Amino acid sequence: MNSPGATVPPVGIDGVRAARELLRGVVTETPVASSRALSDLAGGPVWLKCENLQRTGSFKIRGAYTRLARLSPEQRARGVVAASAGNHAQGVALAAAMLGIHATVYMPEGAALPKVGATRGYGATVELHGSTIDDSIAAAIAFAERTGAEFVHPFDHPDIVAGQGTVGLEILEQVPDVATVLVGTGGGGLLGGIAAAVRGERPDVRVVGVQASGAAAWPPSIAAASPVALETMRTIADGIAVGRPGELTFAQVTALVDEIVTVDDNALSRALLVLLERAKLLVEPAGAAAVAALMEEPDRFATPVVAVLSGGNIDPLVLWHVLQHGMAAAGRYLTLRVRLSDRPGALAELLALVGRAGANVVDVAHSRFSGALPLGDVDIDLVLETRGPGHSGEVVTALRSAGHLVEGWPD
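Just add 2 to wherever you are in the sequence shown, counting from 1, and you've got the numbering used here.
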């Protein structure tokens, strides 16, 4: 990747600059926010490029508008069709509405309801089809073949890549001394576009892509020197769950990007939680990928670092589950089993001890009927909220010091 003999990328700096002129007055120049917590962790300045504050809640409007604005009158008259788990859908729907084009959008059946509602709210016709974005793409292509509508690919088109690349031009202006840019990636449109902008003006800056490990098609594709399709995907980051890189984005990324790293769902959850608590920024799991990579290996990336927060469209119910997952992954939920004598007042004494140790009880469950229980004893399953792994250890020590048999914590 990014080797001297690499293929010439399909989209260069001139294409990104032209897209920026087209997008003036259409998209928001999103801010960069400093993060003291992440800067302390990385040992140098860390900036967050807030594309979660972009119109439609993600960077996707940049590429979608660029693509649709360049259609001929005949193409516009036939309408457009797209496929997306949500963010590209909203970008296409809004761009089409602004340009007076009818849009049909195919979305996976499990797409987040707020994203489906927002896409319809922008005026697009939404069809739910399949369980993955690849299923939806196939359905959208078939629709285009039947009707003559122009298919707007979520990432594998020069106009899409050029439009997304305008994020990179803004980063270079907002953080002139940037040394590393971290970009969450699925199909590679945003990553390839930002790399074109950065390489064109600052070839010394490292550009690193970040994938969810449960949907990481880029590492095997790079190893095979050709796009490779994953057999299965499982990740909370639906926005970057793409089973196969595009032909165009593969050439773009392998020519310009320095490295691809992966992060698991635990890391994504922790990053989302940190962004919400410490930076006061709401992002979806895919939007937290760049920060997750930084938190996992803070010494790996030269500072100043810019981490792109690619989107903030998240279902409130999903947010609740991800935050719970993030708190557990950060050691702030403690699940224990404590054995007590089955007598009046024993549970109250246990909970009082937990309270004195500074933990908050989230859930309590009794088990009296296990064959492994001595007669007259009861097992109490506790879910506690703590301040972190160190505090969890203090709580367990307090319980054991009081004579309780505690399971669920390493000795």
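Heads up, the beta-carbon is just placed ideally off N, CA and C, and yes, glycines get one too. No experiment lies behind these values; they were computed from the predicted model shown.
Following the DSSP letters along the chain, one finds Gly211 inside the beta strand (DSSP E) bounded by residues 208-214. If you draw a straight line from the Cα of Arg148 to the Cα of Asp179, it comes to about 50 Å.
For a cut-off of 8 Å, the C-beta gap from Leu352 to Leu342 is around 6 Å, short enough to register as a contact. Here Glu299 carries a coil assignment [DSSP, helix/strand/coil]. For the 8 Å CB-CB criterion, Ala164 and Thr68 form a contact.
Distance from the CA atom of Gly191 to the CA atom of Pro156, rounded to whole angstroms, is 8 Å.
Sorting Ala146, Ala331, Val397 by C-alpha distance to the C-alpha of Ala354 places Val397 at the top. Excluding the 5 residues flanking it on each side, Glu53 has same chain C-beta neighbours closer than 7 Å at Thr32, Ser60, Phe61, Val169, Val310, Leu311, Ser312, Gly313, in chain order. For Val13, no alpha helix (DSSP H) encloses it, and the DSSP letter there is neither H nor E. Excluding residues up to 5 positions away in sequence, Ser271, Arg272, Leu274, Leu275 lie with their Cβ nearer than 7 Å to the Cβ of Gly328 in the same chain. The C-alpha of Asp301 lies about 17 Å from the C-alpha of Ala291.
Contact annotation: the segment 224-233 does not touch the segment 194-206, with fewer than three C-beta pairs closer than 8 Å. Listed in chain order, the alpha helix (DSSP H) runs fully inside the segment 30-86 are 38-44, 62-71, 75-80, counting runs of at least 4 residues. When the Cα atoms are used, Val244 and Ser36 turn out to be separated by approximately 30 Å. Exposed is the label assigned to Glu249, since fewer than 16 other Cβ atoms lie within 10 Å of its Cβ. Thr388: not part of any beta strand (DSSP E); DSSP gives it neither H nor E. For Pro205, the closest of Gly119, Asp260, Val364, Ala95 by C-alpha to C-alpha distance is Asp260. Just measuring C-alpha positions, the residue of Val107, Ala219, Ala21, Asp365 sitting nearest Leu171 is Ala21. Checking the DSSP bridge columns, you'll see Phe153 partnered with Val83.
By the CB criterion at 8 Å, Gly46 and Pro306 fall inside the cutoff. By the neighbour-count criterion, in which 16 or more other beta carbons inside 10 Å mark a residue as buried, Val10 falls on the exposed side. Every beta strand (DSSP E) stretch that sits fully inside the segment 85-169 and reaches 3 residues is listed by chain position as 105-109, 127-130, 152-154. Buried is the label assigned to Leu296, since at least 16 other Cβ atoms lie within 10 Å of its Cβ. Under the criterion of beta carbons closer than 8 Å, Met109 and Val128 qualify as touching, at roughly 6 Å. The three-state secondary structure of Ile242, taken from DSSP, is helix.
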